[in-house]
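Residue numbers (our numbering), protein chains in the order written: chain P, 1 to 262; chain A, 263 to 644; chain Z, 645 to 1044.
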Amino acid sequence: MNIIVCIKQVPDTQDVKMDPERGTLIREGVKSIVNPFDLYALEEGIRIKERTGKGTVVALTMGPPQAEEALKEAIAMGVDRGILITDKAFAGADTLATSYTLAKAIEKIGLPWVIVCGRQAIDGDTAQVGPELAAWLDVPQITYVSKILEIDEKKIKAERLTDYGYDVVEATVPCVITVNKEINEPRLPSLRGMMKAKRFKPEIWDSSSMNVDGRYIGLEGSPTRVIKIFAPPQKSGGEKHEGTPEELAKIIVKKFEKLKII
Amino acid sequence: MIDYFLTEEEEMIKELARKIAEEKIKAKRAYYDETQEFPWDIVKIMAESDLFRIFIPEEYGGFGGGVMSLTLAIEELSRGCAGIALAYAGTALGTFPILLFGNEEQKKKYLPRIAEGELAAFALTEAQAGSDAGNIRTRAEKRGDYYVLNGTKQFITNGGEAGIYTVIALTNPEKGARGASAFIVEKGTPGLRFGKKENKLGIRASATREVIFQDCKIPKENLLGKEGMGFIIAMKTFDYSRPGVAAQALGIAQAALEEATKYAKERVQFGVPIANFQAIQHMLADMVIKLEAARALTYHVARNIDKGNTKITKESAMVKCLASDVAMEVTLNAVQIFGGYGYMKEYPVEKLMRDAKITQIYEGTNQIMRNIIASQLLKEVK
Amino acid sequence: MPERELRVIKENCTGCGVCEEVCPYNAIGVINGIAVVKDNCVFCGICVESCAFEALELYEEKPEERMVPEGYSGVMTYAEVLNGELSRVSLEILSIARELAKKLNTNVTTLLIGHNIEKHAKALINHGADKVIVVDHSELNRFIDEKYAKIFVTAIEQFKPEVVIGSATAVGRALFPRVAALLKTGLTADCTEFDIEKETRLLLQTRPAFGGNIMATIKTEFTRPQMATVRPRVFKPLTPEERDGEIIKLEYEPYKESFVKQVIDVLITEGETLNLEDADIIVSGGRGVGSKENFKVIFDLAKELNAAVGASRAAVDAGWIPYAHQVGQTGKTVSPKIYIACGISGAIQHQVGMRSSDFIIAINKDPEAPIFDIADLGIVGDLFEVIPVLIKEIKKKKGE
């Protein structure tokens, strides 16, 4: 009964800043981190195992060889197994090719009990891979899960975030869920975990060890293509005021009147 | 950049403790400092991360790490918040009597609980017995298969929150200090209660309370070592725990140095960052010189203890004395560098200054430390 | 398979190191005075853009001529009905759909799935749809990703639109990727701008990435339809007018899938969190608020202005206000008429969630706070002093 958690190593966008003069990104020693939403996914995967007493938690990642670091972090948190899918042929993949490749890896592992993904990756911010993965595997999906209410061998019942509140949704397993930050508080690695991570070697799969169709992977399998990158329109500051609270409040109220909100 | 030549395991411990400080402690420290609430949520995280296992031997569920690992953990946690770190460091202090003098049954019974994250506390000080520790009055009367404790301990760190207390009490009052013994007392034992939480200048997230024994009956198996060994156990405990106080002071000083340096680069006066001014530069230079020197001595003494050097009473006292004095000086200067802003609670340095003070006082005041150091030195030099 | 390579043009490279600085993936470095590409390059192209010496190029072997699928024309939009109401964003996307359809010289079709939803078709037509495809069945009264996706795929296969646009709402984000994968076509999420490339009739999709630090323009060349989602409030609905349009009813036959999925319960959150993304005015609190109790001052101001309450990540992480209020890269993206940031420093991750607001007011004690760089009206002051006085002034004005 595998609980597969898909994770991604991303640049820490907090360190990525814009140079307003050059209009380019400045990376001040940008480190690679596990995508923050994926930490919540890993935590939930481990919690599913802890609360049901069943399951093997498998962390799965597609990326360059250095993505092994992300798997080590997952092992330090307490997952049981870590698989790295890496191949030059996978590079340049958009979300469709990525989800296809992950799906093929999951088929090789064998359709699991449940697949847990973070809501979105903070470099692409698309939130597409989770549902696309579910489509490739022809399994149901529950997105933006903020709480798992029940889970057993047959089905999963969860709360998903909607634009008006929450839905309670039930689906048979296997199923893909994508999780929000509301769902839990990811644990820090334990020392035992960190020691295990130091000795850990991931299983490494490339395109030849998986049953992939070359048309759907990497660049060729990516229908979308970035043709241009540019700096976002810089919003520049307007008027700035200092003064007593009374003076400042009057300025704001005047603006409110001008904007016709009072 | 200086390399401390840490082992892989020590690096891991330092990294983990730092992670906890950065990701969990930093955001909440102002809240706990303000409210004096006990940081149970952070204690839970420390426990789940296996920090308490560091100073417990492997056969009792720990990692068998030594004083050096403990020092690194305490330093990093204290860099986040010394008060919150004290829940952890105070537990180590309360555990040393058992580690050093407990018999197999006692170790088997209590050490695994502490490894899991149950808090401990060490109770020696009383209202009339601070530096004059020999002046304690708490009594432990042997009655058949029990000892009955009566008396009040004061200013006990983790008092009321800890589950396990190591207590020094007089079994033989006529013998004075030589009539003291050490005991293990569990929270919940009838006759054990706690005073109100003290309202402190600093380390406010740490719970400091009176521990009150009123006909508190404990089984005779809870005697540590032999009757009369009380002060030997206490002094030996301090030899091991004083580097931990030094570590706390180092963490506080490190935080202060970082804040002051960053601020000096950002704060512009007379058209330039104040970091450009020699007055500020010299202050920062003195701060870092003293901090690194204190750190080097502390790490060295910790490693000595781990290598089995038991004759380190003088050195333990030295690092406690040095690091705490350095922390006080560094934090005072940090507030000075921040100027008016340093005096405001919205900025983190005034708390560091308040937290630093206690390190010069507890686990033996620095005046007592100097007495010990001189006394040892005089003995050594022929 | 086509070869792709980031090439260093050695004669032009000066070893200046700018490429190493800007690469978010640490995939290029200067060794012995010349740029060297490492094997984790993902071909994002940022370094190529930033090289002042034109010493970098993204080389691509020309793929074998790929065929553009034939027979696709028209712009399709997806309309969302939430709890019986037609969502405002469904009308917003019709306006951009009309604009694109005009450039493509084609029509706009809207897909409407649900139960008892035919009554909304007229509104859709009046806001710009030429045709409305209605799929109405009791089984579809709640959004079920898998059923809706299958219906969507059927509709697309039948009507073959070249462009499909939806909204980046909770539903859109669940539905569109599933549909795109089922059709093995390209999807671009959270677009802020569209255009049509004249020669090729291709949809140019522009969206933010890296937490909003860069903008990217994307094309879907060889698959159809070209799918995209749009954030609420990026476009304004057209003024409705009486228009003629066709309503096409598509039969839905309930079918059994290999799995079961159902919505068991619907919980509607009352009050403040309701549709932060739909609010006209948002009052937001950040680290400067200081505590859970202090948030009362934010809620009080919001109440006076009939506004929703937002928060920065710092406030949510500190436990002062629930995550549902979080605005920013890892929270909600909002675009209200007025955004009032109180005690928020304005780190880029927060800016990304609110900087497209029409009018931004910032109240902060620190005159150097980055929020003032994007605020239309900057108030340097203590929020605990300014806001109570502000509330009094507002009450006075209302009382007049």
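Backbone N, C-alpha and C fix where the C-beta goes; we use that ideal spot for every residue, glycine too.
A quick note: this is a predicted structure, and the numbers were derived from the prediction, not measured.
Asked	Found
With a threshold of 8 angstroms on Cβ separation, who are the neighbours of residue 1001(Z) within its own chain once the five nearest residues in sequence on each side are excluded?	926, 978, 979, 980, 981, 982, 983
Under 6 angstroms Cβ to Cβ from residue 557(A), same chain only, skipping five residues before and after it: list those, please.	512
In its own chain, which residues sit with a C-beta less than 6 angstroms from the C-beta of residue 207(P), not counting the 5 before and 5 after it?	87, 89
By a C-beta neighbour count over all protein chains shown, 10 Å radius and 16 as the cutoff for buried, is residue 9(P) buried or exposed?	buried
Are the C-beta of residue 331(A) and some C-beta of chain P separated by less than 7 angstroms?	no
Residues in its own chain within less than 6 angstroms of residue 671(Z) by CB, not counting five upstream and five downstream?	682, 684, 685
Quick one: give me the first and last residue of the alpha helix (DSSP H) that residue 516(A) is part of.	492-528
Is it true that the region 1030-1042 of chain Z meets the region 292-303 of chain A, where meeting means three or more beta-carbon pairs spaced less than 8 angstroms apart?	no
Note the first and the last residue of the continuous alpha helix (DSSP H) segment covering residue 356(A).	344-363
So, does the CB of residue 219(P) fall closer than 7 angstroms to a CB anywhere in chain Z?	yes
What's the gap between the Cα of residue 571(A) and the Cα of residue 435(A)?	33 angstroms
Can you tell which of 48(P), 98(P), 43(P) has its C-alpha closest to the C-alpha of residue 62(P)?	98(P)
Assuming residue 166(P) is part of the beta strand (DSSP E), what are its boundary residues?	165-172
I want to verify the contact list: residues of chain Z whose CB lies under 9 angstroms from the CB of residue 508(A), in sequence order.	Correct list: empty, because the minimum Cβ distance to chain Z is about 31 angstroms.
Could you have a look at residue 416(A) and say whether DSSP puts it in helix, strand or coil?	strand
From residue 782(Z) to residue 291(A), what does the alpha carbon distance come to, in whole angstroms?	54 angstroms
Taking any Cβ of chain Z, which residues in the region 287-312 of chain A have a Cβ under 9 angstroms from it, in chain order?	289, 290, 292, 293, 296
Tell me whether residue 164(P) is buried or exposed, calling it buried when 16 or more other Cβ atoms sit within 10 Å of its Cβ.	buried
Using the DSSP secondary-structure output, state which residues sit across from residue 241(P) in a beta bridge.	1023(Z)
Report the three-state DSSP secondary structure of residue 129(P) (helix, strand or coil).	helix
Can you name, in chain order, every residue of its own chain whose Cβ lies under 7 angstroms from the Cβ of residue 392(A), other than the five neighbours on each side?	none
With 7 angstroms set as the bound, which would you pick, yes or no: does the beta-carbon of residue 789(Z) sit closer than that to a beta-carbon of chain P?	yes
Would you say residue 684(Z) reaches chain P, if we count a Cβ-Cβ gap shorter than 7 angstroms as a contact?	yes
What first and last residue would you give for the alpha helix (DSSP H) that runs through residue 295(A)?	291-297
So residue 188(P) contacts chain B; which residues on that side make the cut at Cβ distance below 8 angstroms?	Among the chains of the structure shown, chain B does not appear; the protein chains present are P, A and Z.
One question on the structure: do residue 169(P) and residue 151(P) come within less than 7 angstroms of each other, judged by their Cβ atoms?	no
Chain A beta carbons: is any one of them nearer than 7 angstroms to that of residue 191(P)?	yes
Say the cut is 6 angstroms; is the CB of residue 363(A) nearer than that to a heavy atom of the ligand ADP?	Although the ligand ADP was asked about, the structure shown includes no ligands whatsoever.
Starting from the beta carbon of residue 270(A), find every residue of chain P whose beta carbon is closer than 8 angstroms, and list them in chain order.	198
Can you give me the start and stop residues for the alpha helix (DSSP H) that residue 964(Z) sits inside?	Where residue 964(Z) is concerned, there is no enclosing alpha helix (DSSP H), given that its DSSP letter is neither H nor E.
With a CB to CB cut of under 6 angstroms and the five nearest residues on each side skipped, what residues in its chain are close to residue 407(A)?	482
Can you tell me where the beta strand (DSSP E) with residue 302(A) in it begins and where it stops?	Taken as a continuous stretch (DSSP letters only), residue 302(A) belongs to no beta strand (DSSP E), being part of the alpha helix (DSSP H) at 302-310.
For chain P, find out if any of its Cβ atoms is closer than 7 angstroms to the Cβ of residue 645(Z); answer yes or no.	At residue 645(Z), the pLDDT of 48 sits below 50, so the modelled position is not reliable; the number obtained from the coordinates is stated separately. Judged by the 7 angstroms Cβ criterion, residue 645(Z) is in contact with chain P.
Please list the partners that residue 157(P) has in chain Z, where partner means a Cβ-to-Cβ separation under 8 angstroms.	908
Mind listing the chain P neighbours of residue 727(Z)? Cutoff is C-beta to C-beta under 8 angstroms, in chain order.	164
Kindly list the residues whose CB is nearer than 7 angstroms to the CB of residue 917(Z), restricted to its own chain and excluding five residues on each side of it in sequence; keep chain order.	Its pLDDT being 49, under 50, residue 917(Z) is placed unreliably by the model, and nothing is read from it.
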